[in-house]
Amino acid sequence: MTSQNHVALRPLWLCRACAAPWPCANARLALLAEYRDSHVALSIYLAGLLYDAVEDLYRLNPHDAPKPAALHDRFLGWAAPRTHRPHPTD
Numbered sequence: 054m055t056s057q058n059h060v061a062l063r064p065l066w067l068c069r070a071c072a073a074p075w076p077c078a079n080a081r082l083a084l085l086a087e088y089r090d091s092h093v094a095l096s097i098y099l100a101g102l103l104y105d106a107v108e109d110l111y112r113l114n115p116h117d118a119p120k121p122a123a124l125h126d127r128f129l130g131w132a133a134p135r136t137h138r139p140h141p142t143d
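Numbering of the sequence shown is given in our numbering, commencing with residue 54 and proceeding in unit increments.
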């Protein structure tokens, strides 16, 4: 689905190309380009991967697995469309 080089090494969920936690910066860029017409589809895809990652990472090391909030940010938080919120005026 993403660039051939920057794919997840499962069950560790590290990038095969750069060894960063996946999705790495290059994988994120590739995913944004691939799903540029559907942020909803990207979120659904990433949510499925998050589910798999939670299962894998907690199975590998249940006492030192990443915290749920960190995994959410890693898999879904970056992909959420940013909306401009006007500052309230006094």
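Note that CB positions come from ideal geometry on N, CA and C, so glycine has one too.
By alpha-carbon distance to Ala-132, the top candidate from Asn-58, Val-93 and Ala-122 is Val-93. Residues of the same chain with their beta carbon placed closer than 8 Å to that of Ala-123 are lacking, with the five preceding and five following residues left out of the count. Between the alpha carbons of Val-60 and Leu-95 lies a gap of roughly 16 Å. Beta-carbon to beta-carbon, Arg-63 and Asp-109 are separated by about 6 Å, close enough to satisfy the 8 Å threshold. Cys-68 is bridged by DSSP to Ala-61.
Non-local C-beta neighbours of Leu-85 in its own chain, meaning closer than 8 Å and more than five positions away in sequence, comprise Leu-95 and Ala-132, ordered along the chain.
For Leu-95, the enclosing alpha helix (DSSP H) begins and ends at 92 to 113. Here Pro-74 has Trp-66, Leu-67, Cys-68 and Arg-127 as same chain residues with Cβ atoms under 8 Å from its own Cβ, once five neighbours each way along the sequence are excluded.
Counting along the chain, Asp-117 sits inside no alpha helix (DSSP H), nor does DSSP assign it H or E at all.
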